[in-house]
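This report concerns only the one structure given below.
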Amino acid sequence: MSSKTETQFDDRLLDVGAEGALAALAGAGPALVDAWVKRGNGAAVAEVAEHGEGPARKAARRGIGVLKSRGIPVPERARTATLAGPAKEAVTEAWMMPPDSVGNSLLVVASHAGSSRYKTAFVVINDSHGVHRVDVGEQSLSQLKTTMAKALPGAPCKPLKVPVEWVRHRIAEARKRHAERGVPEPLGFTSARSLLEPAPESAPPHPFDEEGLEVALEDAMTFARTSASLHSLPEFRGWFPTQEAVEEMLVAVGESIPAGQTPDPEKLKAALEVEIVSATDRYFSPERRAELVRAMKDSALSVLARDGEQKALEVSATMTGIESRGLITDAPHEVGFLKGFFEKAISLLLARGGGSLRIPVRAAPPAPAEAAAEAAAEPGA
Numbered sequence: 000m001s002s003k004t005e006t007q008f009d010d011r012l013l014d015v016g017a018e019g020a021l022a023a024l025a026g027a028g029p030a031l032v033d034a035w036v037k038r039g040n041g042a043a044v045a046e047v048a049e050h051g052e053g054p055a056r057k058a059a060r061r062g063i064g065v066l067k068s069r070g071i072p073v074p075e076r077a078r079t080a081t082l083a084g085p086a087k088e089a090v091t092e093a094w095m096m097p098p099d100s101v102g103n104s105l106l107v108v109a110s111h112a113g114s115s116r117y118k119t120a121f122v123v124i125n126d127s128h129g130v131h132r133v134d135v136g137e138q139s140l141s142q143l144k145t146t147m148a149k150a151l152p153g154a155p156c157k158p159l160k161v162p163v164e165w166v167r168h169r170i171a172e173a174r175k176r177h178a179e180r181g182v183p184e185p186l187g188f189t190s191a192r193s194l195l196e197p198a199p200e201s202a203p204p205h206p207f208d209e210e211g212l213e214v215a216l217e218d219a220m221t222f223a224r225t226s227a228s229l230h231s232l233p234e235f236r237g238w239f240p241t242q243e244a245v246e247e248m249l250v251a252v253g254e255s256i257p258a259g260q261t262p263d264p265e266k267l268k269a270a271l272e273v274e275i276v277s278a279t280d281r282y283f284s285p286e287r288r289a290e291l292v293r294a295m296k297d298s299a300l301s302v303l304a305r306d307g308e309q310k311a312l313e314v315s316a317t318m319t320g321i322e323s324r325g326l327i328t329d330a331p332h333e334v335g336f337l338k339g340f341f342e343k344a345i346s347l348l349l350a351r352g353g354g355s356l357r358i359p360v361r362a363a364p365p366a367p368a369e370a371a372a373e374a375a376a377e378p379g380a
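When we follow numbering that gives the first Met the number 0, the leftmost residue of the sequence shown carries the number 0, and every step to the right adds one.
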């Protein structure tokens, strides 16, 4: 007697051959696969196992094992997949890792067709210097995610999905800066050409600009004064001024102390505050501010994805405040986020020094008697 599953379908469907299996399945549903297994229709089951999708394909794969255990012959799967139908169109995707503490960003372009493995290009760029590294390979989706997570060691954020055309243009611009420096490109661009080209000639909108998170200038200026708190975010926690800029600031503090004297702690604190202000204004030139805003905009995408629109608006307001700085009015130190670079550097030095700060202080001038003795000891005196 036929099973209940089989009686749902007529003999035409139950005995269909491999060439009509997918069409029959489309009209009857996945239950037809179980009926084929009970019927012993190995050709139809094998066809769905090879070219079907979803639950029906899984059921067919299980069914092949059942049929073989019963001794029912199952046709070998066709090795020439192109004969079964047109190949699926390749899908290209892109990701970005926000810049690290020295401004390096990871951009990834990957292409795959259906369930196939991803062809990948990992490109590490620095907007000021060009291209650092290019790695091309072929990976599964899980391997791709793992590689992205490890590509920038110590990076505090996760990769972000971004438009492919925007990434291609960004990489093309980095290559131009690399060429301007007269430095040979890293190997790998030839192999990655199919993923990175064609790049659009004009710059596509930045993905963060597309979010429409804008703040009025007056509101932005107000928030910018208290924006030092943004340094607590993972995206900005590792951002510091250069070591040379910090040392220059400490030398200036030492020069404000009378030679040979131990400064009063309150006077030293006041002198340090004055030099933090001066160092901030010197360090954040128009060029450096432009580079900073560009990096902040990349990081703002990560802030938006993790913390939502309110925190992303705070980053947007700070960027507007930085962009509005002038050469005479609206000095950089009035933006809390900019001044916070040097305040954070001092806090780090204090933590490393166990609460003490090494400031180079001028030595006391020699006493008159000592000066006379030194003069007398000179040759020809």
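A virtual CB, placed ideally from N, CA and C, is assigned to each residue, including glycine.
**Request:** Give the range of the alpha helix (DSSP H) segment to which residue 332 is assigned.
**Result:** Neither: residue 332 is in no alpha helix (DSSP H) and is coded neither H nor E.
**Message:** Within the continuous beta strand (DSSP E) that includes residue 131, where are the two ends?
**Reply:** 129 to 138 is the extent of the beta strand (DSSP E) around residue 131.
**Request:** Compute every distance between the C-beta of residue 314 and the non-hydrogen atoms of the ligand FMN, then say whether any falls below 7 Å.
**Result:** Summarising the ligand content, the structure contains no ligands, and the ligand FMN is consequently not present.
**Request:** Report the rounded CA-to-CA distance for residue 214 versus residue 294, giving the unit in angstroms.
**Result:** Taking the straight line joining both Cα atoms gives about 18 Å.
**Message:** If contacts are defined as beta-carbon pairs under 8 Å, then residue 36 and residue 62 qualify, I think. What distance do you get, rounded to the angstrom?
**Reply:** Contact between residue 36 and residue 62 holds: their C-beta atoms lie close to 4 Å from each other, under 8 Å.
**Item:** Uninterrupted alpha helix (DSSP H) stretches inside the region 140 to 187 (no shorter than 4 residues)
**Value:** Entirely contained in the region 140 to 187, the alpha helix (DSSP H) runs reaching 4 residues are, in chain order, 140 to 150, 163 to 179.
**Item:** Integer Cβ distance of residue 124 from residue 173, believed to fall under 8 Å
**Value:** The distance from the Cβ of residue 124 to that of residue 173 is about 4 Å, consistent with a contact at the 8 Å cut-off.
**Asked** Within 8 Å (strictly less), CB to CB, does residue 101 reach chain D?
**Response** Absent from the structure is chain D; it holds one protein chain and no more.
**Prompt:** Nearest CA to the CA of residue 316: which residue from 305, 328, 292?
**Reply:** Nearest option by C-alpha distance: 292.
**residue 260 versus residue 328 - alpha carbon distance** = Each residue's alpha carbon lies about 36 Å from the other.
**Request:** Give the single residue among 42, 278, 53 whose Cα lies nearest to the Cα of residue 66.
**Result:** Residue 42 is the option with its Cα nearest to residue 66.
**Item:** Beta-carbon contacts of residue 298 that lie in its chain and below 6 Å, excluding the five residues immediately before and after
**Value:** Close CB contacts of residue 298 within its chain, under the 6 Å cut and outside five residues either way in sequence, are with 97, 234 (chain order).
**Request:** Leaving out five residues on either side along the sequence, give the residues of the same chain with a beta carbon under 8 Å from the beta carbon of residue 196.
**Result:** Residues 167 of the same chain have their beta carbon placed closer than 8 Å to that of residue 196, with the five preceding and five following residues left out of the count.
**Prompt:** residue 145: buried (16+ other C-beta within 10 angstroms of its C-beta) or exposed?
**Reply:** Exposed, because fewer than 16 other Cβ atoms sit within 10 Å of the Cβ of residue 145.
**Prompt:** Which residues mark the beginning and the end of the alpha helix (DSSP H) in which residue 275 is found?
**Reply:** DSSP places residue 275 in the uninterrupted alpha helix (DSSP H) bounded by 264 to 282.
**Asked** Does DSSP put residue 202 in a helix, a strand or coil?
**Response** Three-state result, residue 202: coil.
**Asked** Cα separation between residue 339 and residue 101?
**Response** Distance from the CA atom of residue 339 to the CA atom of residue 101, rounded to whole angstroms, is 17 Å.
**Asked** For the region 200 to 214 against the region 132 to 139, are there 3 or more C-beta pairs whose distance is under 8 Å?
**Response** Flag = no, the region 200 to 214 and the region 132 to 139 do not touch.
**Prompt:** Do residue 301 and residue 194 have their CB atoms nearer than 8 Å?
**Reply:** A distance of 8 Å or more separates the beta carbons of residue 301 and residue 194.
**Prompt:** Got a sec, what are the start and stop residues for the beta strand (DSSP E) residue 94 sits in?
**Reply:** Taken as a continuous stretch (DSSP letters only), the beta strand (DSSP E) holding residue 94 covers 90 to 96.
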